[in-house]
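In the numbering used here, the protein residues as written are 8 to 208. Down below is the structure, laid out as structure tokens.
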């Protein structure tokens, strides 16, 4: 970890805005889900942002989490036991999780950077990634998700419709309501342009 001194001015403002995005209530829900998904071997973090960061920092819990969302034969992350003590090995473990999360379906814009977690720069981004991962797991509904499905929102899914040629042909003769309607239109009460409207009481 880099030795970073105190921040001042605009840097401090940016840092405080990032820190305000961190949600302590959401942290509790994510911890419950990870423990339910991985099992008691995941342990529990100390409450608060720094405890949550320390719990996930070495990448072991994250690796076990993504592996638990896959069937027994296809584990995308090789989890190192015991936990690696060297910094670059821990960062490599986190990077493996991020790559596996992206291939699982988490969009690139929802994925945090390794330093966001490792140096605690943006723990709200870590929460966002875990929320996106949980939402995809609930949406897939493949039997791998453990925990309460109401903890995450289901992602929207494609609802493909098949129309016959006759239905498509008939649809060309219908004027859609997006184009407006002339029902109820009348010119009653209209005056010429530039003249004041006559209001009679």
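All C-beta atoms, glycine included, are put in the ideal place defined by N, C-alpha and C. From a predicted model like this one, the values you see are computed outputs, not experimental measurements.
Check: Based on Cα-Cα distance, which residue from 97, 141, 96 lies nearest to residue 118?
Finding: Translated into the one-based positions of the chain shown, residue 118 becomes position 111. When only C-alpha atoms are compared, the closest one is 141.
request  = Evaluate residue 161 with the Cβ neighbour count: other Cβ atoms within 10 Å of its Cβ, from every protein chain shown; 16 or more gives buried, anything less gives exposed.
outcome  = Indexing the chain shown from 1 puts residue 161 at position 154. Exposed: under 16 other Cβ atoms inside 10 Å.
- Task: Would you kindly work out how many angstroms separate the C-alpha atoms of residue 62 and residue 178, rounded to a whole number?
- Result: Residue 62 sits at position 55 when you count from the first residue of the chain shown. Residue 178 sits at position 171 when you count from the first residue of the chain shown. Distance between the alpha carbons of residue 62 and residue 178: 58 Å.
TODO: Using a Cβ cut-off of 9 Å (strictly closer), state whether residue 29 contacts chain D.
DONE: Annotation note: the requested chain D is absent from the structure, which comprises a single protein chain.
ask   = Rounded to the nearest angstrom, how far is the Cβ of residue 127 from that of residue 103, given a contact under 8 Å?
value = Here residue 127 corresponds to residue number 120 of the chain shown, with the count starting at 1. Here residue 103 corresponds to residue number 96 of the chain shown, with the count starting at 1. With a Cβ gap of about 20 Å, residue 127 and residue 103 do not count as contacting.
Margin query: Between which two residues does the alpha helix (DSSP H) holding residue 141 run?
Written below: By 1-based counting over the chain shown, the position of residue 141 is 134. From DSSP, the alpha helix (DSSP H) with residue 141 extends over 130-147.
Worksheet entry | Distance CB(residue 100)-CB(residue 86) smaller than 9 Å | Position 93 of the chain shown holds residue 100. Position 79 of the chain shown holds residue 86. Cβ atoms of residue 100 and residue 86: closer than 9 Å.
Could you tell me the alpha carbon to alpha carbon distance between residue 91 and residue 46, rounded to whole angstroms? In the chain shown, counting from the first residue as 1, residue 91 sits at position 84. In the chain shown, counting from the first residue as 1, residue 46 sits at position 39. One C-alpha to the other measures close to 21 Å.
Is the beta carbon of residue 44 less than 9 Å from the beta carbon of residue 81? Looking up residue 44 in the chain shown gives position 37. Looking up residue 81 in the chain shown gives position 74. Cβ atoms of residue 44 and residue 81: not closer than 9 Å.
Checklist entry - Which parts of the region 70-123 are runs of the alpha helix (DSSP H), unbroken and 4 residues or longer, counting only runs that do not cross its ends? => result 94-111
* What are the boundary residues of the alpha helix (DSSP H) that includes residue 57? -> Against the chain shown, residue 57 aligns to sequence position 50. Taken as a continuous stretch (DSSP letters only), the alpha helix (DSSP H) holding residue 57 covers 56-63.
By Cβ distance below 7 Å, which residues in the same chain neighbour residue 28 in space, the five residues on each side in sequence not counted? Translated into the one-based positions of the chain shown, residue 28 becomes position 21. Counting only Cβ-Cβ distances below 7 Å, and skipping sequence neighbours, we find 131.
DSSP three-state assignment for residue 151, whether helix, strand or coil = Working through the chain shown from its first residue, we reach residue 151 at position 144. In the structure shown, residue 151 falls within a coil segment according to DSSP collapsed to helix, strand and coil.
Once the 5 residues before and after residue 108 are set aside, which same chain residues still bring their CB inside 7 Å of it? Locating residue 108 in the chain shown gives position 101, where the first residue counts as 1. Same-chain partners within the cutoff: 73, 118, 136, 140.
Short of 7 Å in beta carbon distance, which residues of its chain neighbour residue 41, apart from the five on each side in sequence? Order them along the chain.
Translated into the one-based positions of the chain shown, residue 41 becomes position 34. Excluding sequence neighbours, residue 41 sits near 49, 68, 72.
Practice problem: Taking 9 Å as the cut-off, decide whether the C-beta atoms of residue 55 and residue 32 are in contact. | Solution: As a first step, residue 55 is located in the chain shown; it is residue number 48 there, counting from the start. As a first step, residue 32 is located in the chain shown; it is residue number 25 there, counting from the start. The answer is no: Cβ separation not under 9 Å.
Practice item. Take residue 146 as the anchor and find which of 129, 124, 112 has the nearest alpha-carbon. Key: Position 139 of the chain shown holds residue 146. Closest by alpha carbon: 112.
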